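Asks:
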Amino acid sequence: MEFSIIVVVVVAALVFDFTNGFHDTANAMATSIATGALRPKLAVLIAGVMNLVGVFVSVQVAKTISDGLVDEARITPVVIFAGLVGAILWNLLTWLFGLPSSSSHALFGGLIGATWVAAGVDAIQFGQLLSKILLPALLSPILAGVVALTATLLAYRITARAGRATVSSGFRIGQIVSASMVALAHGTNDAQKTMGVITLALITAGTLPTDAGPPLWVILTAGLSIALGTYVGGWRIIRTLGKRVTEIQTTQGFAAEVSSAAVILASSNLGFALSTTQVATGSIFGAGAGRRLASVRWGVAGQMALSWLVTLPAAAAAGAVAAYTACLGTIGVVIVAVVGVALAAGIYARSRRQPVTAENVNDAPAATPVAANV
Amino acid sequence: MDVDWRALLLVGIVSLAVAVAVVVLVAFALVGLSARSGAARHGGEASAPSASVGTAAACVCLVAAAAIVGFGLYLVVV
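So the sequence lines, in the order shown, correspond to chains B and D.
Residue 1 is where the first sequence starts when you use the working numbering, and the numbers rise one by one after that.
Residue 1001 is where the second sequence starts when you use the working numbering, and the numbers rise one by one after that.
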């Protein structure tokens, strides 16, 4: 039982990592695809590869997750499994609606909800939660927005006198580099979260000491899984970020990507597990406002902000239900797995009715509103 | 509950400085490069740089931007 549940947790974690990958391709590549700096297929390939590279660059964030978000001594791998199922389902649902919600918050929400039900509210380390996760989550999109706004304003001011064609193509080439940096940064932050969770599961099962970092096979499988997800590409969210927030020019795309990469890399280095999605979104809004305030569709911003607020509690609720069921014993775990797979398949089937692919990602249906009731 | 305000502040300052510096440097590089095509000299503007000066300035700017990025990555990796 003990070994098989570990296998189940690792598989669930890797599935989550995969959804994380395709949910977040947009962060790095939406603006490059929208401006035509990179062809869609090439963009996701670069993003996938850079993600994999980023995974090996830094493991600070993985340590934050495995080291003291919840009390390891009081939860079991079953609880982690339940949390992951909640996170995966929320990620798939938001993807269906093309909402760039935070995969990280889905993960934390799922884990917190599951822990709450299984071990009680005091097994959650709220201090850690606030200082390492919630506070960075609140501040990072604002910071990214301000940085991108400043950079965009300056970039337009400086290049005002320069040849338009040179500027446009120059920033287009710059975007290829800056988008790769964001993908790399994504690997240093998001892929770490899954590694942290698998490490946490191994610690709760007693296979690793409490203060251990992620073993090599964990780093490798998590990296491959997120890279694969990135390559598959979440075209729905790419369309939302690239086309529906604002019309993006190459100058803005470059400024937005450089800002995202700077904020994420600086945070990763200090072990802050911020949401790469929210940073990238903040940057895009900042870059939009930097050119012309009125060019930003603030209604879309409102819908996104709402989905951000809901993500953690919604994933927590799903994780809590899953944990309640899974704690009934082996049969409970099986029920959670079967129901989870069924719901995921249902969401996928629903997405096929209006597929968004590499071919039609830039055909912006600006009139279709994002379902606000998510 | 101790919030590491210093680390948060550091993230803010570093990312603002780095991102703005890189974007500004690349922007200046493009101004320099556009002198080559002559597009910047519309209206006979006196301050427009000559082609070779523009290219040289662009190179300096791009190298500086690359150095900032490289140093940043070095800090993360090591």
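Positions of the beta carbon are idealized from the N, C-alpha and C atoms, including for glycine.
All values derive from a computational prediction rather than experimental measurement.
Kindly give me the distance between the Cβ atoms of B:L265 and B:T150, rounded to whole angstroms, as I take these residues to be in contact under 8 Å.
Replies: As a first step, residue 265 of chain B is located in the first sequence; it is residue number 265 there, counting from the start. As a first step, residue 150 of chain B is located in the first sequence; it is residue number 150 there, counting from the start. At roughly 18 Å, the Cβ-Cβ gap does not stay under 8 Å, so B:L265 and B:T150 are not in contact.
Asks: Measure how close the beta-carbons of B:L208 and B:T199 come, nearest whole angstrom, since I'm counting them as under 8 Å.
Replies: Numbered from its first residue, the first sequence carries residue 208 of chain B at position 208. Numbered from its first residue, the first sequence carries residue 199 of chain B at position 199. Indeed they touch by this definition, with Cβ atoms about 7 Å apart.
Asks: Please return the same chain residues whose Cβ sits closer than 7 Å to the Cβ of B:A320, not counting the five positions on each side in sequence.
Replies: To locate residue 320 of chain B, count along the first sequence from 1; it is residue 320. Around B:A320: G113, A114, W116 and V117.
Asks: Tell me the DSSP secondary structure of B:V70 in three-state form.
Replies: Stepping through the first sequence from its first residue, residue 70 of chain B is reached at position 70. The three-state reading of DSSP puts B:V70 in strand, counting E and B together.
Asks: Judging by CA-CA distance, which residue of D:V1014, D:L1009, D:D1004 and D:L1008 is the nearest neighbour of D:L1075?
Replies: Sequence index remark: in the second sequence, residue 1075 of chain D carries index 75 (1-based). Checking every option, the nearest Cα to that of D:L1075 belongs to D:V1014.
Asks: Any C-beta of chain B sitting closer than 8 Å to the C-beta of D:A1019?
Replies: Here residue 1019 of chain D refers to the residue found at position 19 when the second sequence is read from its first residue. Closer than 8 Å: yes.
Asks: Quick one: residues in its chain with C-beta nearer than 8 Å to the C-beta of B:L228, no 5 flanking neighbours on either side, listed in chain order?
Replies: Position 228 of the first sequence, counted from the first residue, corresponds to residue 228 of chain B. Short of 8 Å from the beta carbon of B:L228, and not among the five residues preceding or following it, lie these beta carbons of its own chain, in chain order: F18, G21 and G48.
Asks: Residues of chain D with a CB under 7 Å from the CB of B:I158: which are they?
Replies: The residue you call residue 158 of chain B lines up with position 158 of the first sequence. In chain order: V1024, A1027, F1028 and V1031.
Asks: At the level of alpha carbons, what is the spacing between B:G174 and B:A256?
Replies: For the purposes of this step, residue 174 of chain B is taken as the residue at position 174 of the first sequence. For the purposes of this step, residue 256 of chain B is taken as the residue at position 256 of the first sequence. Near 12 Å, if we compare the C-alpha coordinates of B:A256 and B:G174.
Asks: Under three-state DSSP, which class holds B:I226?
Replies: By 1-based counting over the first sequence, the position of residue 226 of chain B is 226. B:I226 falls in the helix class under three-state DSSP.
Asks: Would you mind listing the beta strand (DSSP E) stretches within the segment 264-292 of chain B that are 3+ residues and don't spill past its ends, in chain order?
Replies: Look at the segment 264-292 of chain B and you find no whole run of beta strand (DSSP E) that is 3 residues long or longer.
Asks: By DSSP, does B:I331 sit in helix, in strand, or in coil?
Replies: Looking up residue 331 of chain B in the first sequence gives position 331. DSSP places B:I331 in helix when its eight states are reduced to three.
Asks: Which residues of chain D have a Cβ atom closer than 9 Å to the Cβ of B:S268, listed in chain order?
Replies: The residue given as residue 268 of chain B occupies position 268 in the first sequence. Within 9 Å Cβ-Cβ: V1076.
Asks: Under the three-state reduction of DSSP, which class applies to B:I124: helix, strand or coil?
Replies: Here residue 124 of chain B refers to the residue found at position 124 when the first sequence is read from its first residue. Looking at B:I124 - three-state DSSP - the assignment turns out to be strand.
Asks: Please say whether D:L1033 and D:A1058 have beta carbons closer to each other than 8 Å?
Replies: For this step, residue 1058 of chain D is matched to residue 58 along the second sequence. For this step, residue 1033 of chain D is matched to residue 33 along the second sequence. Contact: yes.
Asks: Could you list the residues in the segment 223-257 of chain B with a C-beta less than 9 Å from some C-beta on chain E, going in chain order?
Replies: In the structure shown, chain E cannot be found, because the protein chains are B and D.
Asks: Which of the residues in the segment 1055-1070 of chain D, read from start to end, lie with their CB under 8 Å from any CB of chain B?
Replies: Correct list: V1069.
Asks: Give the DSSP-derived three-state secondary structure of B:F97 in the structure shown.
Replies: Sequence index remark: in the first sequence, residue 97 of chain B carries index 97 (1-based). The three-state secondary structure of B:F97, taken from DSSP, is coil.
Asks: For the segment 158-166 of chain B against the segment 3-17 of chain B, do three or more pairs of beta-carbon atoms, one drawn from each stretch, fall closer than 8 Å, so that the two count as touching?
Replies: no
Asks: Within its chain, find whatever has a CB closer than 6 Å to the CB of B:A366; leave out the 5 residues flanking it on each side and keep chain order.
Replies: On the first sequence, residue 366 of chain B is found 366 positions in, with the first residue counted as 1. Low per-residue confidence applies at B:A366: pLDDT is 47, beneath 50, and the placement is therefore not dependable, though the value from the model is reported in the following sentence. Here the set comprises nothing.
Asks: Pick from B:Q249, B:A201 and B:A183: whose alpha carbon is nearest that of B:T230?
Replies: Counted from its first residue, the first sequence places residue 230 of chain B at position 230. Out of B:Q249, B:A201 and B:A183, B:A183 has the C-alpha closest to the C-alpha of B:T230.
Asks: Closer than 8 Å is the cut-off here; do at least three beta carbon pairs connect the segment 1022-1031 of chain D with the segment 279-287 of chain B?
Replies: no
Asks: My assumption, with CB atoms under 8 Å, is that B:I75 sits in contact with B:T240. Please give the rounded CB distance.
Replies: Within the first sequence, residue 75 of chain B is the residue found at index 75, counting from 1. Within the first sequence, residue 240 of chain B is the residue found at index 240, counting from 1. B:I75 to B:T240, Cβ: 35 Å. No contact.
Asks: Assuming B:V79 and B:A119 form a contact by the criterion Cβ under 8 Å, report the distance between their Cβ atoms to the nearest whole angstrom.
Replies: The count along the first sequence starts at 1 and reaches residue 79 of chain B at position 79. The count along the first sequence starts at 1 and reaches residue 119 of chain B at position 119. Yes, B:V79 and B:A119 are in contact; Cβ-Cβ is about 7 Å, under 8 Å.
Asks: Taking CB distances under 8 Å as the criterion, tell me whether B:V57 reaches chain D.
Replies: Along the first sequence, read from residue 1 onward, the residue named residue 57 of chain B stands at position 57. Answer yes: the Cβ-Cβ gap between B:V57 and chain D drops below 8 Å somewhere.
Asks: Secondary structure at B:V300, three-state DSSP: helix, strand or coil?
Replies: Position 300 of the first sequence, counting from 1, holds the residue named residue 300 of chain B. It is helical.
Asks: Could you confirm whether any beta carbon from chain B is found closer than 8 Å to the beta carbon of D:L1008?
Replies: The residue labelled residue 1008 of chain D in the question sits at position 8 within the second sequence. Chain B contact via Cβ: present.
Asks: Is B:I237 near the ligand NAD, going by C-beta to nearest heavy atom under 7 Å?
Replies: Inclusion of the ligand NAD in the displayed structure is not the case, the ligand content being empty and no account of it being possible.
Asks: Helix, strand or coil for B:A12 per DSSP?
Replies: Taking the first residue of the first sequence as position 1, residue 12 of chain B is located at position 12. In the structure shown, B:A12 sits in a helix (DSSP, three-state: H, G or I).
Asks: Compare the C-beta of D:V1053 against all C-beta atoms of chain B and say whether one is closer than 8 Å.
Replies: Counting from one through the second sequence, the residue named residue 1053 of chain D turns up at place 53. So, not an interface residue.
Asks: Starting from B:K243, follow the alpha helix (DSSP H) in both directions and report where the run begins and ends.
Replies: To locate residue 243 of chain B, count along the first sequence from 1; it is residue 243. B:K243 -> no alpha helix (DSSP H), and no H or E assigned at all.
Asks: At the 8 Å Cβ level, is D:S1050 part of the contact set with chain B, yes or no?
Replies: Stepping through the second sequence from its first residue, residue 1050 of chain D is reached at position 50. False, the Cβ-Cβ gap to chain B never drops below 8 Å.
Asks: Shortest alpha-carbon distance to B:G36 belongs to which of B:L134, B:E247 and B:V279?
Replies: On the first sequence, position 36 is the one that residue 36 of chain B refers to. Among B:L134, B:E247 and B:V279, the Cα nearest to that of B:G36 is on B:E247.
Asks: Report the three-state DSSP secondary structure of B:G213 (helix, strand or coil).
Replies: Stepping through the first sequence from its first residue, residue 213 of chain B is reached at position 213. Three-state DSSP puts B:G213 in coil, outside helix and strand.
Asks: Chain D beta carbons: is any one of them nearer than 8 Å to that of B:R413?
Replies: Residue 413 of chain B is absent from the model: chain B starts at 1 and stops at 374.
Asks: In chain D, which residues lie with their C-beta within 7 Å of the C-beta of B:A151?
Replies: For the purposes of this step, residue 151 of chain B is taken as the residue at position 151 of the first sequence. Result: A1019, V1020 and V1023.
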